[in-house]
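FYI, numbering that gives the first Met the number 0 numbers position 296 of the sequence shown as 295, with every residue one higher than the one before it. Note that beta-carbon positions come from the ideal geometry of N, C-alpha and C, so glycine has one too. As the structure is a prediction and not an experimental result, all values here were calculated from the model. Take a look at the structure set out below.
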Amino acid sequence: MNASLCSTSVLRYSLGIDVSKDNFNACLCSLRQDLQQLVVASATFDNHLKGFRKLLTWLHKHCVDKHAEMVVVMEASGVYHEQLAYFLDEHGKQLCVLLANRVKAYARSLKYKSKTDAIDAQVLARLGLERNLPKWQAPSEALLQLKQLMRERHKLKQDATRLKNQLHAMKHRQVCNPVVKKLAQTRLKFINDQIKKIDDAARKLVQQDAELRQNVMLLQSIPGVGLLTALTVLAETNNFALFTSRAQLASYAGYDVCHHESGSSVKRKGRISKKGNVYLRTAMHFPALTAIKYAPEMGALYERIYDRTKVKMKGCVAVQRKLLLLMFTLVKNQQTYQPHYQRQQLLQAI
Numbered sequence: 000m001n002a003s004l005c006s007t008s009v010l011r012y013s014l015g016i017d018v019s020k021d022n023f024n025a026c027l028c029s030l031r032q033d034l035q036q037l038v039v040a041s042a043t044f045d046n047h048l049k050g051f052r053k054l055l056t057w058l059h060k061h062c063v064d065k066h067a068e069m070v071v072v073m074e075a076s077g078v079y080h081e082q083l084a085y086f087l088d089e090h091g092k093q094l095c096v097l098l099a100n101r102v103k104a105y106a107r108s109l110k111y112k113s114k115t116d117a118i119d120a121q122v123l124a125r126l127g128l129e130r131n132l133p134k135w136q137a138p139s140e141a142l143l144q145l146k147q148l149m150r151e152r153h154k155l156k157q158d159a160t161r162l163k164n165q166l167h168a169m170k171h172r173q174v175c176n177p178v179v180k181k182l183a184q185t186r187l188k189f190i191n192d193q194i195k196k197i198d199d200a201a202r203k204l205v206q207q208d209a210e211l212r213q214n215v216m217l218l219q220s221i222p223g224v225g226l227l228t229a230l231t232v233l234a235e236t237n238n239f240a241l242f243t244s245r246a247q248l249a250s251y252a253g254y255d256v257c258h259h260e261s262g263s264s265v266k267r268k269g270r271i272s273k274k275g276n277v278y279l280r281t282a283m284h285f286p287a288l289t290a291i292k293y294a295p296e297m298g299a300l301y302e303r304i305y306d307r308t309k310v311k312m313k314g315c316v317a318v319q320r321k322l323l324l325l326m327f328t329l330v331k332n333q334q335t336y337q338p339h340y341q342r343q344q345l346l347q348a349i
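Listed below in structure tokens is the structure:
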């Protein structure tokens, strides 16, 4: 690209990065004073430290206007983006890590006919030029460790449930091999011991992190929300730093409502998308059941939904969503749960 296109007329540079396991595609775009968007350069780098350093050299070469604002936009892609994100943050880059559903919605508006890693990087770069995106806040080490612990606990609980079901089935068999039964019992005990170790490690992390300890206390003020639920929610949302609105959180968790209508003949009932963080939805199930019994405003919400739909699960899901959004509000405002205020808010909504 001609260097004149990256002259002093540049208002902003935006670097879009699409990350995969072994490499990442980078696309650098610029916004000029005449509001014209230009693709300055694009390249592919290895997804390790040597590739990260080459990226910085490449950026320095192509960003001719050193006074122009620059933003780096990337999509959260499991764990593959984490090392690059921390590297760029440590080197003073203004970084935005976006949720996949937000990027997907923007990409649809551009009407690209193809989908490649290079195009995805360009989409991210254009998004950085056109929008004022929230700056990424690096999760604390405690939150990163906590997220690993709680996800491992989730897997172990699933394994324990499967083994319990197998042992229950063995009781009703005509012939049950005692060796097989003993092995299943041994595995179940081992898994339960591992879960206990995870719980102990999680409690230790909370005691060592003041911000985490404060937010756990706020969430536990809600009827039905225990320590493990609070830890899972805070770990999966980075202390809710990923979100600026309740709608974003609902969508991230898969509690956003989908409608399917066409003309006058097709009109299906609305349902939640479930296209979101399954760990959050799993964590909210049992707290919602408890809140329905012991929090009058949550019980009233459940009854209202059930009376309208005659489906118990829809009422329960509505309470799950309400609880999660309440958690978001309490942490953002640094307030404990106030039942009288929440009851008044719900009555106004009804």
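Legend entry - Residue burial classification, Ala246 (beta-carbon count within 10 angstroms, cutoff 16): The sequence position of residue 246 within the sequence shown is 247, counting from 1. Looking at its Cβ environment, which holds fewer than 16 other Cβ atoms inside 10 Å, Ala246 is exposed.
Inset, instruction - Measure from the C-beta of Gln219 to each C-beta in chain E and report whether the shortest distance is under 8 Å. - result: This model lacks chain E altogether, as it is built from one protein chain only.
Inset, instruction - From the DSSP output, in three-state form, read off Phe242 for me. - result: Locating residue 242 in the sequence shown gives position 243, where the first residue counts as 1. Three-state DSSP puts Phe242 in coil, outside helix and strand.
Inset, instruction - Report buried or exposed for Arg52, applying the criterion of at least 16 other Cβ atoms within 10 angstroms of its Cβ. - result: On the sequence shown, position 53 is the one that residue 52 refers to. Exposed is the call here.
Legend entry - Proximity of Val318 and Leu329 at Cβ, strictly below 8 Å: As a first step, residue 318 must be located in the sequence shown, where it is residue number 319. As a first step, residue 329 must be located in the sequence shown, where it is residue number 330. No, these two residues do not count as a Cβ contact at 8 Å.
Inset, instruction - Give the secondary structure of Gly15 by DSSP, where H, G and I count as helix, E and B as strand, and everything else as coil. - result: Numbered from 1 along the sequence shown, position 16 holds the residue referred to as residue 15. It is a strand residue.
Legend entry - Ala141 and Gln207 closer than 8 Å at C-beta: Position 142 of the sequence shown, counted from the start, is the residue given in the question as residue 141. Position 208 of the sequence shown, counted from the start, is the residue given in the question as residue 207. Going by C-beta atoms, Ala141 is nearer than 8 Å to Gln207.
Legend entry - Environment of Arg212 [buried if 16+ CB atoms lie within 10 Å]: Within the sequence shown, the letter at position 213 stands for residue 212. So Arg212 counts as exposed.
Inset, instruction - Quick one: using the 10 Å Cβ neighbour count with 16 as the cut-off for buried, is Tyr111 buried or exposed? - result: For the purposes of this step, residue 111 is identified with residue 112 of the sequence shown, where counting begins at 1. Counting Cβ neighbours within 10 Å, Tyr111 comes out exposed, since fewer than 16 surround it.
Legend entry - Complete alpha helix (DSSP H) runs within the segment 47-117 (minimum length 4 residues, chain order): 48-61, 81-89, 99-109
Legend entry - Candidates Val70, Leu148, Asn24, of which the one nearest Leu230 by Cα: Counting from one through the sequence shown, the residue named residue 230 turns up at place 231. Of the listed residues, the one whose Cα sits closest to Leu230 is Leu148.
Legend entry - Entirely enclosed alpha helix (DSSP H) segments - the segment 138-186, minimum 4 residues: 140-170
Inset, instruction - Output the distance between the C-alpha atoms of Leu248 and Leu279, rounded to the nearest integer angstrom. - result: For this step, residue 248 is matched to residue 249 along the sequence shown. For this step, residue 279 is matched to residue 280 along the sequence shown. Each residue's Cα considered, the two are about 10 Å apart.
Inset, instruction - Look up Glu303 in the DSSP assignment and say whether it is helix, strand or coil. - result: Counting from one through the sequence shown, the residue named residue 303 turns up at place 304. Reading the sequence as shown, one finds Arg at residue 303 and not Glu. Helix, per DSSP.
Legend entry - Backbone secondary structure at Val363 - three-state DSSP: No information on residue 363 is available, as it lies outside the stretch 0 to 349 that the chain covers here.
Legend entry - Closest by C-alpha distance to Met326, when choosing among Phe242, His171, Pro295: Start at 1 with the first residue of the sequence shown, and residue 326 comes out as number 327. Nearest C-alpha to Met326: Phe242.
Inset, instruction - Would you mind reading off the limits of the beta strand (DSSP E) that contains Asn237? - result: As a working mapping, residue 237 is identified with position 238 in the sequence shown. That residue, Asn237, is in no beta strand (DSSP E); it is neither H nor E in DSSP.
Legend entry - Leu227 to Gly298 span [Cα, whole Å]: For the purposes of this step, residue 227 is taken as the residue at position 228 of the sequence shown. For the purposes of this step, residue 298 is taken as the residue at position 299 of the sequence shown. Their Cα atoms are separated by approximately 22 Å.
Legend entry - Close beta carbons around Val18, own chain, < 7 Å, minus the five adjacent residues each side: In the sequence shown, the residue the question calls residue 18 occupies position 19. When the five nearest sequence neighbours on each side are left out, the beta carbons in the same chain lying within less than 7 Å of the beta carbon of Val18 are those of Asn46, Met73, Ser76, Tyr79, His80, Leu83, in order along the chain.
Inset, instruction - Would you tell me roughly how many angstroms separate the C-alpha atoms of His258 and Leu126, rounded to the nearest one? - result: Your numbering for residue 258 matches position 259 in the sequence shown. Your numbering for residue 126 matches position 127 in the sequence shown. Residue placement at His258 is poorly supported in this model, since its pLDDT is 48, which falls under 50; the coordinates are not used for a value here.
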